[in-house]
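A.B. asks: My questions will all concern the structure given below.
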Amino acid sequence: MQDDQAGPGGATGDGSVGRVVLVLAKAPVAGRAKTRLTPPATPRGAARIAAAALLDTLDAAAAVPGAHVLVALEGDLADAERGDEIAALLASHTVVRQRGDGLGERIEAVHADAADLFPGAATVQVGMDTPQLDATRLDDALRTVENGRAAGLGIAHDGGWWVLALRDPRRAAIISAIPTSRDDTGPRTLAALRDALGDDAVAELATLSDVDTADDAVAVAALAPAGRFARAVADILGDGDGTAEPGAALHPRPTPAVSGGARP
1 MQDDQAGPGG ATGDGSVGRV VLVLAKAPVA GRAKTRLTPP ATPRGAARIA AAALLDTLDA
61 AAAVPGAHVL VALEGDLADA ERGDEIAALL ASHTVVRQRG DGLGERIEAV HADAADLFPG
121 AATVQVGMDT PQLDATRLDD ALRTVENGRA AGLGIAHDGG WWVLALRDPR RAAIISAIPT
181 SRDDTGPRTL AALRDALGDD AVAELATLSD VDTADDAVAV AALAPAGRFA RAVADILGDG
241 DGTAEPGAAL HPRPTPAVSG GARP
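The opening residue of the sequence shown carries number 1 in this note's numbering; numbering runs sequentially from there.
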């Protein structure tokens, strides 16, 4: 794992990279990760679900054609669930430490890191809350800005947002002051981007459900049943009390729709 703004092999300033997938990640430590899953999950169970979400997200990011993966990490993997497995995946990517007082500042900072490390590259940023995403969705988001738009934003069903694509990653400064974790964060972020860049310059991307609660986790797992996340949710939430034995079946729950959010 290359850390503290070092690229593969320790190199920085790689002008040959034209597209970058940014992943904001928190080390899945019990009691600190996915705490809204407890109850019904135990703190360790919630962290195991978070670890699986991160692993699936890293797989999707690594599969984006022609893209380099830059991970902004908070916390210590030595204390994390599946920390060795996560570290093994991170070994082929560039890792920087998150910095900034709030989420908005941290988002701005990792985009600034991307601009410094990979001059001229377009970026697409996700967190670890939408493990049902795949490389095609990330590739499509990058193509949106590579083909002429300045930005693309995918709003989440809960009112936040789950993906941000930028032709110039330094434009993330536009949204750094917008309050996060609110039911109007996504619309306010979209409005801020359009005010700064122009309505036609900002595409509204697909709307996805992210994972905050146990019900969210079960519903999202059903969208990607073959992934680590779905297996972890089945193991931990399958009996409804957060202590299911491995292999327990998911309770059937309604599956949320996945819809495009583009304006007419």
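Backbone N, C-alpha and C fix where the C-beta goes; we use that ideal spot for every residue, glycine too.
#1: Distance, Cα to Cα, phenylalanine 229 vs leucine 117?
#2: Give me the DSSP bridge partner(s) of lysine 34.
#3: Ignore the nearest five residues each way along the sequence and tell me which others in arginine 44's own chain have a CB closer than 6 Å to its CB.
#4: Suppose you measure from the CA of glutamate 146 to the CA of isoleucine 174; what does that come to, to the nearest Å?
#5: Comparing C-alpha positions only, which one of Val17, Trp161 and Gly83 sits nearest to alanine 51?
#6: Using the Cα positions of arginine 149 and proline 28, report the straight-line distance between them to the nearest angstrom.
#7: Taking one C-beta from the stretch 122-142 and one from the stretch 188-197 each time, how about it: are there three or more such pairs within less than 8 Å?
#8: Helix or strand or just coil, what does DSSP make of alanine 150?
#9: Determine, using beta carbons only, whether alanine 214 and leucine 237 come nearer to each other than 9 Å.
#10: Could you check whether leucine 89 and alanine 62 sit closer than 9 Å to each other, using their CB atoms as the reference points?
#11: Taking threonine 185 as part of the beta strand (DSSP E), name the residues at either end of that continuous run.
#12: Leucine 166 lies in the alpha helix (DSSP H); which residues open and close that run?
#13: For a test of the three-state rule: what should DSSP assign to threonine 207, helix, strand or coil?
#14: Which word fits threonine 207, buried or exposed, when buried means at least 16 other C-beta atoms lie within 10 angstroms of its C-beta?
#15: Quick one: residues in its chain with C-beta nearer than 6 Å to the C-beta of aspartate 79, no 5 flanking neighbours on either side, listed in chain order?
#16: Might you give, ordered along the chain, the residues of its own chain that have their beta carbon closer than 7 Å to the beta carbon of aspartate 184, omitting 5 neighbours on each side?
#17: Taking C-alpha atoms, which residue in Ala115, Ala177 and Gly104 lies nearest to valine 20?
C.D. replies: Taking the coordinates as given:
#1: 31 Å
#2: BP columns for lysine 34 are empty, so no partner.
#3: Ala30
#4: 19 Å
#5: Gly83
#6: 35 Å
#7: no
#8: coil
#9: yes
#10: yes
#11: It is not in any beta strand (DSSP E) - threonine 185 instead sits in the alpha helix (DSSP H) that spans 185-197.
#12: Element bounds for leucine 166: not the alpha helix (DSSP H) but the beta strand (DSSP E), 161-166.
#13: strand
#14: buried
#15: Val29
#16: Gly159
#17: Ala115
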